[in-house]
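Sequence positions in the sequence shown follow this note's numbering and run 647 to 719.
Beta carbons are placed, not taken as given, at the ideal position from N, Cα and C, and that holds for glycine.
Bear in mind that the values here come from a model prediction, so they are computed numbers and not experimental data.
Working notes, beginning with the structure itself.
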Amino acid sequence: MSYKVRLSEAGMHLFDRNTGLNILLDEVAVPPAQVSRAPRYLSVALTNACELRSSYCYAPKHAAMLEADRVVG
């Protein structure tokens, strides 16, 4: 298995790009100097198309769409 390692205040994250498997080893103490400054994750959506009516929804309450040619460049 080949995986990426990310060190954070929460512990050591292992991520396998082939399978999508995520593992958090929260019992691993990471020294502050080794904590990654990169974002923990990034979410990209080409559209937020949905009914936008769920009471627990956190999406913007307006229909929006990102043009595909702006993402694939």
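For A684, which option in V718, S648, V717 and R652 has the closest C-alpha, if you only look at C-alpha atoms?
-> R652
May I ask which residues mark the beginning and end of the beta strand (DSSP E) holding V651?
-> K650 to S654
In chain order, what residues of the same chain lie with their CB nearer than 7 Å to the CB of R686, ignoring the 5 residues before and after it?
-> S654
For S689 and Y702, the rounded distance between their alpha carbons = 18 Å
Could you say which of F661, V718 and A656 lies nearest to S648 if we only look at CA atoms?
-> F661
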